[in-house]
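The next block holds one structure in the form of structure tokens; read it before the comments.
Chains as they are written, first to last, in full-length UniProt numbering: chain S, 1 to 240; chain W, 1 to 240.
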């Protein structure tokens with residue numbers, strides 16, 4: 001797959017984090033304190049919940065500060081505009097997924113079977129998603145509404161993430177682990193569709209992220225259906 | 001699955017169409033002329049393209065009328081507000097899918113194997129989607145931004161559609177066509193995730209809707225991976 005990055009490459013330094021605190025006193029090289037980190041995390045979590053509920057256009061900075069019981073000026077100290085917060089939320093969703101996936105693959109090592117790598121990638125995705133429900137809901141709700149420059153930067157990050165999945169499936173095909181005759185590129189989309197769609201239905205009551213990931217993997221790897229169609233089994237009375 | 005509707009039930013009369021022309025001279029029982037239908041279809045197609053590009057909040061009725069070279073008053077004659085157009089676009093996407101799926105299942109008859117029914121459902125979904133790219137892109141982009149009463153009505157329709165898929169997979173499980181031990185409810189989501197995610201990547205250059213549907217079905221039914229993990233095959237030089 002030309003132009004795609006290697007799945008076993010070390011995670012690159014991510015773009016995007018420069019957008020936080022751009023115009024605040026923290027924008028220089030000063031170390032961000034633990035307290036500031038905590039405040040910013042709380043702002044992002046609350047903002048994500050509001051974005052998920054109201055969408056991009058209807059959300060105002062003051063909605064976020066009101067919800068946090070903080071003055072909007074204090075909020076602006078950390079994030080100058082709504083765009084900066086929105087960018088940070090959507091990029092963080094992908095960055096967290098990307099970092100976790102790279103870490104998982106690094107831990108497994110390049111010689112691990114593709115089956116095990118893809119299974120671990122699915123498990124990592126489900127764990128990260130379960131830990132960031134608000135961010136993921138906000139992501140789905142605002143990503144298309146973002147200003148074009150935020151969107152462009154975000155899509156770069158997203159493609160970096162998707163390329164790793166593509167590489168994993170291509171590697172499976174090259175090693176003979178993908179069933180012969182299947183398109184690696186469509187197989188990648190079937191796996192991605194399965195994990196990404198979980199944002200619409202996954203709730204902790206259904207199962208732990210690990211259990212759901214294991215079930216998805218069983219289905220995707222081995223298939224949903226029994227081997228033979230069962231033409232003999234008919235519902236209702238037999239016809240003759 | 002308690003409360004879900006039967007997949008072999010005849011398509012119900014759909015909600016939602018009453019929203020078109022609500023306040024126009026066509027709102028009464030007068031038959032809508034073929035010409036009016038054509039104008040309305042053109043309005044919806046253009047509106048869908050603009051919604052897909054600009055999202056819900058930034059789209060104005062005048063953007064749509066300008067693009068069509070028609071006066072905004074003429075547009076209002078057919079659709080009184082942006083909400084009415086948006087509702088019609090998102091509901092039409094699901095209604096078309098729902099009607100086509102019911103028709104497909106009716107043509108097959110209830111005794112057809114679940115494999116064949118689900119394969120046909122996937123094919124129908126891909127055909128309908130390929131024929132309505134603008135509507136589907138608009139749907140994804142505006143559905144979360146819709147006013148709450150439009151959204152509620154839309155979700156009712158959506159659940160009706162999703163319930164049919166759920167019933168198909170439950171039937172497969174009851175007939176022993178689903179691989180033993182798999183969760184019918186997660187299997188439903190794996191299939192739905194696979195077909196719905198296609199809106200993010202499907203382009204006609206990749207293949208016909210029928211070819212893509214056949215490939216998805218092969219993958220979903222029989223699985224992506226070869227039966228045995230191949231622990232012997234290692235990339236690069238063997239370690240010892």
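Positions of the beta carbon are idealized from the N, C-alpha and C atoms, including for glycine. Please read these numbers as outputs of a predicted model, since none were measured by experiment.
Review point. Just to confirm, are residue 193/S and residue 197/W a CB contact at a threshold of 9 Å?
Key: For this step, residue 193/S is matched to residue 193 along the first chain. For this step, residue 197/W is matched to residue 197 along the second chain. Against a cut-off of 9 Å, the Cβ pair of residue 197/W and residue 193/S comes out as a contact.
Practice item. Can you pull the chain W residues whose beta carbon is under 9 Å from the beta carbon of residue 141/S, in chain order? Key: Here residue 141/S is taken as the residue at index 141 of the first chain, counted from 1. For a Cβ distance threshold of 9 Å, residue set 144 and 145 of chain W lies close to residue 141/S, ordered along the chain.
**Study point:** CA-to-CA distance, residue 129/W to residue 161/W, given in whole angstroms
**Key:** For this step, residue 161/W is matched to residue 161 along the second chain. For this step, residue 129/W is matched to residue 129 along the second chain. Residue 161/W and residue 129/W: Cα-Cα distance of roughly 14 Å.
Review point. In three-state DSSP terms, what is residue 70/S?
Key: Numbered from its first residue, the first chain carries residue 70/S at position 70. In this structure, residue 70/S counts as coil in the three-state DSSP scheme.
**Study point:** Where residue 178/S sits in the DSSP three-state scheme
**Key:** If you number the first chain from 1, residue 178/S lands on position 178. Correct three-state label for residue 178/S: strand.
Point to revise | Bounding residues of the alpha helix (DSSP H) (the contiguous stretch that carries residue 116/W) | key: Residue 116/W sits at position 116 when you count from the first residue of the second chain. Here the alpha helix (DSSP H) through residue 116/W covers 114-130.
Exercise for review: Using DSSP bridges, identify the partner residues of residue 225/W.
Suggested key: Here residue 225/W corresponds to residue number 225 of the second chain, with the count starting at 1. For residue 225/W, which the question treats as bridged, DSSP gives the partners 178/S.
Point to revise | residue 127/W versus residue 120/S: straight-line alpha-carbon distance, rounded | key: Here residue 127/W corresponds to residue number 127 of the second chain, with the count starting at 1. Here residue 120/S corresponds to residue number 120 of the first chain, with the count starting at 1. Cα to Cα, the separation comes out at about 34 Å.
Exercise for review: Say whether the segment 82-98 of chain S touches the segment 153-160 of chain S, bearing in mind that this needs 3 or more beta-carbon pairs closer than 8 Å, one atom from each stretch.
Suggested key: yes
Exercise for review: State yes or no: is the beta carbon of residue 189/W nearer than 9 Å to at least one beta carbon in chain S?
Suggested key: Here residue 189/W refers to the residue found at position 189 of the second chain. So yes, residue 189/W belongs to the interface.
Review point. Given that residue 201/W touches chain S, what residues does it touch there, using C-beta distances under 7 Å?
Key: The count along the second chain starts at 1 and reaches residue 201/W at position 201. Here the neighbours are 189.
Review point. Which residue comes first and which comes last in the alpha helix (DSSP H) that contains residue 82/S?
Key: Your numbering for residue 82/S matches position 82 in the first chain. Its alpha helix (DSSP H) spans residues 82-108.
Practice item. Determine the direct distance from the alpha carbon of residue 87/S to that of residue 22/S, and round the result to whole angstroms. Key: Residue mapping note: residue 22/S aligns to position 22 of the first chain, counting from 1. Residue mapping note: residue 87/S aligns to position 87 of the first chain, counting from 1. A caution first: residue 22/S carries a pLDDT of 41, below 50, which makes its placement in the model too unreliable to give a value.
**Study point:** Whole-angstrom C-beta distance between residue 186/S and residue 215/W, which should lie under 8 Å
**Key:** By one-based count along the second chain, residue 215/W stands at place 215. By one-based count along the first chain, residue 186/S stands at place 186. Sure, about 5 Å apart at Cβ, within 8 Å.
Practice item. Using only alpha-carbon positions, find the residue among 173/S, 148/S, 224/S and 70/S that is nearest to residue 182/W. Key: Within the second chain, residue 182/W is the residue found at index 182, counting from 1. Nearest of 173/S, 148/S, 224/S and 70/S to residue 182/W, Cα basis: 224/S.
**Study point:** 8 Å Cβ cut-off: residues of chain S touching residue 161/W
**Key:** Here residue 161/W refers to the residue found at position 161 of the second chain. Correct list: empty, because the minimum Cβ distance to chain S is about 13 Å.
Practice item. Give the residues from the segment 207-222 of chain S that approach chain W closer than 9 Å (Cβ to any Cβ), ordered along the chain. Key: 207, 212, 215, 216, 218, 219, 220, 221 and 222
Exercise for review: Indicate whether residue 42/S and residue 61/S have their beta-carbon atoms separated by less than 9 Å.
Suggested key: Within the first chain, the letter at position 42 stands for residue 42/S. Within the first chain, the letter at position 61 stands for residue 61/S. Note that the C-beta distance between residue 42/S and residue 61/S is not below 9 Å.
Point to revise | residue 165/W: contacting residues in chain S (beta-carbon distance under 8 Å) | key: Counting from one through the second chain, the residue named residue 165/W turns up at place 165. One finds nothing in chain S with a Cβ atom closer than 8 Å to the Cβ of residue 165/W; even the nearest lies about 12 Å away.
Exercise for review: Please determine, among 73/W, 115/W, 78/W and 107/W, the residue with the shortest C-alpha to C-alpha distance to residue 167/W.
Suggested key: Locating residue 167/W in the second chain gives position 167, counting from the first residue. It is 115/W whose Cα lies nearest to the Cα of residue 167/W.
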